[in-house]
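This report refers to the structure that appears directly beneath it.
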Amino acid sequence: MAKLHAYLSFENAKESMEYYKEVFGATLLKRNRMDENMAKEWGMSTENLEDTTIHGGFVVLGNTIFCSDRFGKGEPFSSSVTLMLDFNSEDAEDVAALEALYKNVTESGAEIIDPLDEKFWGGKMGIIKDKYGLLWMFHAQAYSKLK
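Structure, rendered in structure tokens:
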């Protein structure tokens with residue numbers, strides 16, 4: 148069965164992956180760099196290829212996010228792109244993970260768009276903008292009520 152994954156492009160995916168490892172506690176996946184033949188084929192410099200990423204990824208709380216460099220193409224993130232991490236509010240470990248992650252990310256200097264707190268629909272939500280301009284929604288809801 149197919150799976151849906153976020154795929155993000157950064158100016159420097161190698162640096163971004165390290166940021167998510169440090170701030171979000173992400174586990175890094177293999178990072179494939181561009182080789183000389185590919186750089187020549189794409190009309191790019193063959194210098195500093197060790198810092199390039201043609202495909203890589205990281206895992207945040209069991210969620211895989213893939214990424215690559217923009218290679219001078221594509222736009223920076225806008226507010227129309229949001230990643231949501233959803234937690235089960237009926238699971239104490241999930242709630243603790245949500246609160247710990249939100250605290251760590253906001254203490255790292257991420258911009259708080261909407262503070263993490265209880266919402267009128269009975270869930271808990273907060274939105275931050277990370278240092279790359281990517282919006283992250285931290286959300287908790289009662290999974291038993293989804294059925």
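Count along the sequence shown from 1, then add 147; that gives the number in my numbering.
The C-beta atom is built at its ideal place from N, Cα and C for all residues, glycine as well.
If you're wondering where the values come from, they're calculated on a predicted model, not measured in any experiment.
- Under DSSP, the beta-bridge partners assigned to Y154 are F213.
- If you draw a straight line from the Cα of E165 to the Cα of H286, it is about 24 Å long.
- The C-alpha of L176 lies about 14 Å from the C-alpha of L155.
- Secondary-structure assignment with DSSP links D238 through no beta bridge to anything.
- Taking the Cα positions, H152 is about 20 Å away from I275.
- In the pairwise beta carbon analysis, the segment 252–271 is classified as not touching the segment 187–207: fewer than three pairs are separated by under 8 Å.
- Boundaries of the alpha helix (DSSP H) harbouring V170: A160 to F171, taken from the DSSP string.
- Approximately 24 Å separates the beta-carbon atoms of Y290 and N251; this is outside 8 Å, ruling out the contact.
- In this structure, I260 lies away from L230, with their beta-carbon atoms at least 9 Å apart.
- In the DSSP assignment, E197 falls outside any beta strand (DSSP E) and carries neither an H nor an E.
- Taking the Cα positions, T199 is about 29 Å away from Y249.
- Taking the Cα of E240 as reference, the smallest distance to any Cα among L208, E222 and S163 is reached at L208.
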